[in-house]
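As structure tokens, the structure follows; a few thoughts come after it.
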Amino acid sequence: MGSKNAAPGSRARRPLSIFAVLALCCLFYLLGAWQRSGYGKGDSLALKVNKIQADCNIVPTLNFEPHHKYVENVEPSEPKAKMFKACDVKYADYTPCHEQDRAMKFPRENMIYRERHCPPENEKLHCLIPAPEGYTSPFPWPKSRDYAYYANVPYKHLTVEKAVQHWVEFQGNVFKFPGGGTMFPQGADAYIDELASVIPIADGTVRTALDTGCGGMYLMEVDRVLRPGGYWILSGPPINWKTYYQTWKRSKEDVKAEQKRIEDLAESLCWEKKYEKGDIAIWRKKINAKSCQRKSPALCDSENADDVWYKNMEACKTPIPEVTSQNEVAGGELKKFPARLFAIPPRIANGVIPGFSTYPRTYDLIHASGLFSLYQDKCNLEDILLEMDRILRPEGSVIIRDEVDVLNKVNKIVRGMRWEAKMMDHEDGPLVPEKILVIMKEYWVGHSKNNTSS
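If you use my numbering, the sequence shown corresponds to residues 1114 to 1567, in order.
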């Protein structure tokens, strides 16, 4: 235990400690009051540093942006995006390579005026094709198969010219497509079912069967576009001539001879007749030239089956690739659908970008993967985007996948096209240089007074 009587030294130190604590408290109080009353030396130094930083010039060549950044950096001196004007409303149905007024200037011989005639560079339209006034988004599937708004295609002449055939009917503010008619008395579904009984449609082996509708004048051209193993369907005169020759107002001998000429030419082209019943006849092109029994017509000079645009049609057979056995498919066997969708045909990579033979506002969605990287050094990106705009309906969407540098160029152009665009990272993360540009076309229509409304 300690002693009850404290030492005299400890008593003397106690008041001194209390005084020291009080002095420190006063000192800190005065220091705080002094700092609040004005700027001290530390504040003056901070101001000088801030001023130096504000006045410094960053070398313009330095790039502080992260790699693969998809937000476009627009320099103050760089011009703004080009704003594309709307075309005149008379071009609402414009299809570049099938423009009617221009087509009528070409010869009528061999129907040359009905072929594709794409405009030269100085005749191209560099404007946005308007939708007709009153345009409405199409009906959802499957109603869109049977109905279409009149305002979207404001022409009634087919309802008059084809009234007895019931191809199309005008009801209120819509067109109705009842199906059937003189071409398909049992309806289109029954027609397709009959084709499927001969052609392997269900398993994906065949996705496109070329049906010329009627006539057989251009079988050599049909042969050119048919792949080895492809099908040709003739569902019209002179097939079933015994039943219809009087309706066609032709003699038995005439239509019988016409069908024989078609069959002889088809056989010489190395086609095999697979089916004939009722109003339908089906031929299949042999898979290679080795399996042909008859001598074919003279071969064309050019071996390139795509080298036919803007040239006169010739009475010759386009050669197909050589094979080593009778079971080998000339040119290679195509994969079944849908794997075939991912195979890019070499013929589309030739650098020529004419307009599509597609009616305006046909598509709800366009997906382009690597398209602009492929063509940026061969074609004008504006031409590609304007053609995409033409065939896309108002409020339709576009998905573009490409390298970020290319998408920045595309994004700059679409800002002037009445498109709403948003750049997104690749599914695998922001470090992937490929980005995704998602676009929606705004709703707007043309008016007869050369103005537009949204």
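Ideal Cβ positions, reconstructed from N, Cα and C, are used throughout, including at glycine.
Would you please state the rounded distance, in angstroms, between the beta carbons of residue i and residue j? I believe it to be under 8 Å.
{"i": "Lys1387", "j": "Arg1374", "result": "Going by Cβ atoms, the distance from Lys1387 to Arg1374 rounds to 19 Å, so no, they are not a contact pair."}
{"i": "Glu1495", "j": "Lys1554", "result": "Contact flag wrong, Cβ pair sits at about 16 Å."}
{"i": "Val1519", "j": "Ser1486", "result": "5 Å"}
{"i": "Glu1385", "j": "Lys1399", "result": "6 Å"}
{"i": "Trp1345", "j": "Lys1369", "result": "That belief does not hold up - the Cβ atoms of Trp1345 and Lys1369 are roughly 20 Å apart, past 8 Å."}
{"i": "Ile1305", "j": "Asp1502", "result": "Incorrect: roughly 33 Å between the Cβ atoms, too far for contact."}
{"i": "Ser1348", "j": "Ile1393", "result": "5 Å"}
{"i": "Lys1365", "j": "Tyr1358", "result": "6 Å"}
Just reading off the beta strand (DSSP E) that residue i is part of, what are its end residues?
{"i": "Glu1366", "result": "First-last for Glu1366: 1365–1381, but that is the alpha helix (DSSP H), not the beta strand (DSSP E)."}
{"i": "Arg1227", "result": "Counting along the chain, Arg1227 falls outside any beta strand (DSSP E), and DSSP gives it neither H nor E."}
{"i": "Lys1522", "result": "Lys1522 -> not in any beta strand (DSSP E); alpha helix (DSSP H) instead, spanning 1517–1527."}
{"i": "Asp1477", "result": "1476–1482"}
{"i": "Met1553", "result": "1547–1554"}
{"i": "Ala1216", "result": "First-last for Ala1216: 1213–1216, but that is the alpha helix (DSSP H), not the beta strand (DSSP E)."}
{"i": "Glu1540", "result": "Looking at the DSSP string, Glu1540 is not in any beta strand (DSSP E), and its letter there is neither H nor E."}
From the DSSP secondary-structure annotation, give me the bridge partner or partners of residue i.
{"i": "Trp1361", "result": "In DSSP, Trp1361 forms no bridge with anything."}
{"i": "Phe1283", "result": "Phe1288"}
{"i": "Trp1396", "result": "Trp1345, Lys1386"}
{"i": "Met1536", "result": "Leu1550"}
{"i": "Lys1403", "result": "Lys1403 is not bridged to any residue."}
{"i": "Tyr1262", "result": "Val1287"}
{"i": "Leu1412", "result": "Lys1430"}
{"i": "Ile1305", "result": "DSSP, once it has assigned bridges, lists no residue as partnering Ile1305."}
{"i": "Ser1510", "result": "Leu1478, Met1553"}
If you count every other CB in all the chains shown that lies within 10 Å of the CB of residue i, and 16 or more means buried, which is it?
{"i": "Ile1552", "result": "buried"}
{"i": "Met1224", "result": "exposed"}
{"i": "Leu1158", "result": "Model confidence at Leu1158 stands at a pLDDT of 39, short of 50, so the residue's coordinates are unreliable; what they give is reported in the following sentence. Classification for Leu1158: exposed."}
{"i": "Asn1440", "result": "exposed"}
{"i": "Gln1213", "result": "exposed"}
{"i": "Met1217", "result": "exposed"}
{"i": "Gly1468", "result": "buried"}
{"i": "Ile1461", "result": "With a pLDDT of only 46 at Ile1461, under 50, the local geometry of the prediction cannot be trusted, and the value read off the model is given with reservation. It is exposed - the Cβ of Ile1461 has fewer than 16 other Cβ atoms within 10 Å."}
{"i": "Pro1209", "result": "buried"}
{"i": "Gly1326", "result": "The predicted position of Gly1326 is uncertain, since its pLDDT is 45 and thus under 50; a value taken from the coordinates is nonetheless stated next. By the neighbour-count rule (16 or more Cβ atoms within 10 Å), Gly1326 is not buried but exposed."}
{"i": "Trp1254", "result": "exposed"}
{"i": "Ala1303", "result": "exposed"}
{"i": "Asp1259", "result": "exposed"}
{"i": "Gly1343", "result": "buried"}
{"i": "Ile1131", "result": "exposed"}
{"i": "Trp1361", "result": "exposed"}
{"i": "Ala1309", "result": "exposed"}
Taking 8 Å as the threshold (C-beta atoms), are residue j and residue i in contact?
{"i": "Ala1337", "j": "Thr1471", "result": "According to the sequence as given, residue 1337 is Arg; it is not Ala. Result no, Cβ atoms of Arg1337 and Thr1471 do not sit closer than 8 Å."}
{"i": "Gly1444", "j": "Glu1246", "result": "no"}
{"i": "Cys1231", "j": "Ala1199", "result": "no"}
{"i": "Val1527", "j": "Lys1548", "result": "no"}
{"i": "Ala1261", "j": "Pro1251", "result": "yes"}
{"i": "Leu1332", "j": "Leu1412", "result": "no"}
{"i": "Phe1197", "j": "Met1537", "result": "no"}
{"i": "Val1281", "j": "Leu1271", "result": "yes"}
{"i": "Ala1276", "j": "Ala1244", "result": "no"}
{"i": "Ala1481", "j": "Ile1513", "result": "yes"}
{"i": "Ile1504", "j": "Pro1546", "result": "no"}
{"i": "Leu1550", "j": "Asn1524", "result": "yes"}
{"i": "Glu1371", "j": "Pro1351", "result": "yes"}
Along the chain, where does the alpha helix (DSSP H) containing residue i start, and where does it finish?
{"i": "Leu1499", "result": "1494–1504"}
{"i": "Lys1256", "result": "1256–1259"}
{"i": "Asp1336", "result": "1332–1338"}
{"i": "Thr1272", "result": "1270–1274"}
Check whether the Cβ of residue i lies closer than 7 Å to any heavy atom of the ligand HEM, and answer yes or no.
{"i": "Gln1372", "result": "Of ligands this structure carries none, so the ligand HEM is not represented either."}
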